[in-house]
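Peer 1: Provided herewith is a single structure, encoded as structure tokens, for subsequent inquiry.
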Amino acid sequence: MAVLANKKSKPELFKELESENFRRITISFYRYVYVPDPQKLRDELYRFWDTLRCKGRIYIANEGINAQMSVPEHHWEDFKSHLYSIPEFKDVPFKTAVEEKKYSFLKLVVKVRKKIVADGIDDPDFKPWDTGQYLNAEEFNRMMELPDVVVVDMRNHYESEVGHFEGAILPDADTFREEIPKVAEMLKEHKDKPVLMYCTGGIRCEKASAYLKYKGFQKVYHLQGGIIQYAHEVKEKNLKSKFKGLNFVFDERMGERITDDVIARCHQCGKPCDRHVNCKNDACHLLFIQCDECAGKMNGCCSFKCKEISLLPVEEQRKLRKGPPKVGKEALAVHKSRLRPKPDMLFYKSPLKIEEQT
Ligand SMILES: [Zn+2]
Ligand SMILES: [Zn+2]
0 MAVLANKKSK PELFKELESE NFRRITISFY RYVYVPDPQK LRDELYRFWD
50 TLRCKGRIYI ANEGINAQMS VPEHHWEDFK SHLYSIPEFK DVPFKTAVEE
100 KKYSFLKLVV KVRKKIVADG IDDPDFKPWD TGQYLNAEEF NRMMELPDVV
150 VVDMRNHYES EVGHFEGAIL PDADTFREEI PKVAEMLKEH KDKPVLMYCT
200 GGIRCEKASA YLKYKGFQKV YHLQGGIIQY AHEVKEKNLK SKFKGLNFVF
250 DERMGERITD DVIARCHQCG KPCDRHVNCK NDACHLLFIQ CDECAGKMNG
300 CCSFKCKEIS LLPVEEQRKL RKGPPKVGKE ALAVHKSRLR PKPDMLFYKS
350 PLKIEEQT
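Structural data, given as structure tokens:
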């Protein structure tokens with residue numbers, strides 16, 4: 000069998016990239032579409048893309064494709080016409096990276112997966128490409144005004160905590176996999192009402208809207224291009240933003256400000272604040288909301304235990320992390336598995352929390 004995988008070492012690949020005298024375009028694309036034979040398609044794509052010297056990470060499943068790639072600029076037209084000649088991927092829209100990074104991908108990895116977005120749904124009759132109806136910003140705003148609509152946030156709790164649409168249902172979920180069945184269950188009384196869903200960039204809602212339809216919901220809509228696209232359109236067309244606060248994003252910025260409203264609170268003192276940070280104790284790294292004042296008091300940590308550890312010399316911290324299991328575990332009595340504040344990190348009793356408990 001032909002070699003259909005990268006066999007070069009990292010330094011080799013790096014050298015190769017370094018000596019390239021052409022530019023690369025960094026793109027991403029995805030599509031939910033039925034792929035009858037993912038392995039066959041995977042081999043075809045790998046073979047062709049390898050000859051074009053494409054790099055990237057691509058997942059193919061029965062439910063479609065999800066690709067992050069870098070394509071040599073001089074091969075762009077070949078790449079595109081080849082991809083578009085495959086019926087399943089005709090006219091698939093590309094997103095180009097704002098910043099071109101030569102080293103964004105060292106090699107070409109094309110993998111066959113069970114799913115392109117992990118969702119935990121095993122039912123073979125579920126068709127992720129049978130999605131709800133798209134709405135643009137203007138349409139979304141207009142539909143929100145209707146009586147009896149249900150607006151639901153399809154993101155995780157820490158994302159909706161710092162920004163969301165007015166009156167939206169905010170499911171308390173840590174992952175998308177957990178959220179999908181939860182939402183179907185929460186909304187089961189509303190199968191005949193219009194359901195408006197949204198997420199960051201639209202990918203999650205494609206699947207989630209298809210799932211609600213599969214579960215018998217009649218009128219399922221989703222925000223095209225997600226909050227990112229909504230924010231653009233609001234600005235361009237001078238619409239009123241019904242989304243308040245920050246749009247949480249998964250990079251160093253942690254959030255894009257959409258409106259000036261600060262709708263979250265510092266997890267430690269309860270003051271209005273919507274700044275996410277990672278706990279400065281590297282062994283913990285908990286994602287939480289912390290105001291400047293508390294950051295100063297706590298040395299950027301989520302708890303007194305983590306503060307103690309973070310104040311040790313670096314060498315010592317490292318030892319703790321690597322140390323004998325018992326010491327390590329105890330000393331780092333940490334919170335890796337959780338994203339929520341636990342009582343020991345709160346200096347105050349949140350009125351929100353008290354309400355939730357009743
Ligand atoms: Zn605070
Ligand atoms: Zn911590």
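Everything in the sequence shown is counted per numbering that gives the first Met the number 0, starting at 0 for the first residue and increasing by one.
Ideal placement from N, C-alpha and C gives every residue a C-beta, glycine not left out.
(1) Quick one, which of 317, 24 and 286 has its alpha-carbon nearest residue 156's?
(2) Tell me which residues pass a beta-carbon proximity test against ligand 2: closer than 5 Å to any heavy atom, given in chain order.
(3) Anyone know if the C-beta pair for residue 135 and residue 241 falls short of 7 Å?
(4) Give a single yes or no on whether residue 316 has its beta carbon closer than 6 Å to a heavy atom of ligand 1.
(5) What three-state label does DSSP hand residue 132 in the structure shown?
(6) Let's test the definition: count the other Cβ atoms within 10 Å of the Cβ of residue 232 and tell me whether it reaches 16, buried, or not, exposed.
(7) Measure the C-alpha to C-alpha separation of residue 333 and residue 320 and round it to an integer number of angstroms.
(8) Applying the 10 Å Cβ sphere with the 16-neighbour rule, what's the burial state of residue 336?
(9) Just verifying my parser: in three-state terms, what is the DSSP assignment at residue 246?
(10) Going by alpha carbons, who is nearest to residue 32 out of 301, 58, 25 and 79?
(11) Please classify residue 280 as buried or exposed, where buried requires at least 16 neighbouring CB atoms within 10 angstroms.
(12) Any heavy atom of ligand 1 within a distance shorter than 6 Å of the CB on residue 270?
(13) Can you say whether residue 20 is buried or exposed, counting buried as having 16 or more other CB atoms within 10 angstroms of its CB?
(14) Between residue 194 and residue 218, which are expected to be in contact by the criterion C-beta below 8 Å, what is the C-beta distance as a whole number of angstroms?
(15) Answer with buried or exposed for residue 295, where buried requires no fewer than 16 other C-beta atoms within 10 angstroms of its C-beta.
(16) Which word fits residue 313, buried or exposed, when buried means at least 16 other C-beta atoms lie within 10 angstroms of its C-beta?
(17) For residue 288, which residues in the same chain have their Cβ closer than 8 Å to its Cβ, ignoring the five residues on either side in sequence?
(18) For residue 7, count neighbouring Cβ atoms within 10 angstroms of its own Cβ and tell me buried if that reaches 16, exposed if not.
(19) Which residues does DSSP list as the beta-bridge partners of residue 209?
(20) Can you determine whether any heavy atom of ligand 1 sits closer than 6 Å to the C-beta of residue 290, and answer yes or no?
(21) Within its chain, find whatever has a CB closer than 6 Å to the CB of residue 181; leave out the 5 residues flanking it on each side and keep chain order.
(22) Residue 317 to residue 253, Cα distance in whole Å?
(23) Does DSSP classify residue 79 as helix, strand or coil?
(24) Short of 8 Å in beta carbon distance, which residues of its chain neighbour residue 53, apart from the five on each side in sequence? Order them along the chain.
(25) Output yes or no for whether 7 Å exceeds the beta carbon distance between residue 255 and residue 246.
(26) State the Cα-Cα distance for the pair residue 221 and residue 185, rounded to the nearest angstrom.
(27) Grab the span of the alpha helix (DSSP H) containing residue 176 for me, first residue to last.
(28) Considering only the alpha carbon of each residue, which of 29, 132 and 15 lies closest to residue 62?
(29) What did DSSP end up calling residue 351 once you bin it into helix, strand or coil?
(30) Between residue 127 and residue 206, which are expected to be in contact by the criterion C-beta below 8 Å, what is the C-beta distance as a whole number of angstroms?
Peer 2: Let me spell this out:
(1) Closest by alpha carbon: 286.
(2) Residues with their Cβ less than 5 Å from any non-hydrogen atom of ligand 2, running along the chain, are 278, 280, 283, 285, 301 and 305.
(3) For residue 135 and residue 241, no; Cβs fall outside 7 Å.
(4) Shortest gap from the CB of residue 316 to any heavy atom of ligand 1: 6 Å or more.
(5) Assignment of residue 132 by DSSP, reduced to helix, strand and coil, places it in the strand class.
(6) When all chains shown are included, residue 232 counts as buried.
(7) Low local confidence applies: a pLDDT of 38 at residue 333 is under 50, so the model's placement there is unreliable, and no value is given.
(8) Note that residue 336 scores 39 on pLDDT, short of 50, meaning its location in the model is unreliable and no value can be drawn from it.
(9) Correct three-state label for residue 246: strand.
(10) Across the set 301, 58, 25 and 79, the C-alpha of 58 shows the shortest separation from the C-alpha of residue 32.
(11) With at least 16 other beta carbons inside 10 angstroms of its own, residue 280 counts as buried.
(12) Yes, the Cβ of residue 270 comes within 6 Å of a heavy atom of ligand 1.
(13) Exposed, since its Cβ has fewer than 16 Cβ neighbours within 10 Å.
(14) The pair is a contact, with the Cβ atoms about 7 Å apart (cut-off 8 Å).
(15) Residue 295 should be labelled exposed.
(16) The residue is exposed, with fewer than 16 neighbouring Cβ atoms inside 10 Å.
(17) Residues of the same chain with a CB within less than 8 Å of the CB of residue 288, apart from the 5 flanking positions on each side, are 160, 161, 263, 264, 265, 266, 272, 273, 274, 275 and 276 in chain order.
(18) Classification of residue 7: exposed, given that the 10 Å Cβ count is below 16.
(19) DSSP output for residue 209 lists no bridge partner at all.
(20) The answer is yes for residue 290.
(21) The answer, listed in chain order, is 170 and 172.
(22) C-alpha separation (whole angstroms): 27 Å.
(23) The answer is helix: DSSP assigns residue 79 an H, G or I state.
(24) Around residue 53: 68, 69, 70, 71, 74, 78 and 107.
(25) Cβ atoms of residue 255 and residue 246: closer than 7 Å.
(26) Taking the straight line from one Cα to the other gives about 17 Å.
(27) Going by DSSP, residue 176 is part of the alpha helix (DSSP H) stretching over 175-185.
(28) Here the closest residue by C-alpha is 29.
(29) The predicted model places residue 351 with a pLDDT of 33, which falls under 50 and marks its position as unreliable, so this point remains unresolved.
(30) Between residue 206 and residue 127 the Cβ distance is about 5 Å, and since that is below 8 Å, they are a contact.
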